[in-house]
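Written out below as structure tokens is the structure these notes cover.
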Amino acid sequence: MVDHKHHKRGFLSFLIMWMLRNSKMNGSEITDEMEKRKDRRFSPGTIYPVLKRLKDKGLIIDDEEKRYSLTKKGQKELLTRIDNFFKTFYDLEEMEKYLNNQSK
Numbered sequence: 001m002v003d004h005k006h007h008k009r010g011f012l013s014f015l016i017m018w019m020l021r022n023s024k025m026n027g028s029e030i031t032d033e034m035e036k037r038k039d040r041r042f043s044p045g046t047i048y049p050v051l052k053r054l055k056d057k058g059l060i061i062d063d064e065e066k067r068y069s070l071t072k073k074g075q076k077e078l079l080t081r082i083d084n085f086f087k088t089f090y091d092l093e094e095m096e097k098y099l100n101n102q103s104k
């Protein structure tokens, strides 16, 4: 059985890390930006646990103003996740080609 909750958390952590790649943001700014991107409001009860997990893993840090940023480890992890993302979608393209060839 697929754990959709795990995948959603993984996607949220990826999206948060992506948003933090170039600038520091606080939790409210992250929530607002996610709403713009996803056309959906994420509650603090959804965002802050993800931020805590990322911080506990050493992927992000926060300053005295609670503005989050990626660590060096977080930057490396983001690159790994981007690479995995593209590999996954490459596989999907290959599957589509296979299906198209099978239907001929």
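Sequential numbering from 1 applies to the sequence shown in the UniProt record's numbering.
Built from N, CA and C at the ideal position, the CB exists for glycine as well.
Every value quoted in this text rests on a predicted model; they were computed, and no experiment measured them.
By the C-beta criterion, the stretch 36-45 is judged not to be in contact with the stretch 86-93, since fewer than 3 inter-stretch pairs fall below 8 Å.
With 16 or more neighbouring CB atoms inside 10 Å of its own CB, residue 17 falls in the buried class. Uninterrupted alpha helix (DSSP H) stretches at least 4 residues long and entirely within the stretch 30-81 occur at 44-56, given in chain order. Annotated as distal: residue 71 and residue 82, with beta-carbon spacing of 8 Å or more.
At a Cβ-Cβ threshold of 8 Å, residue 13 and residue 50 count as neighbours.
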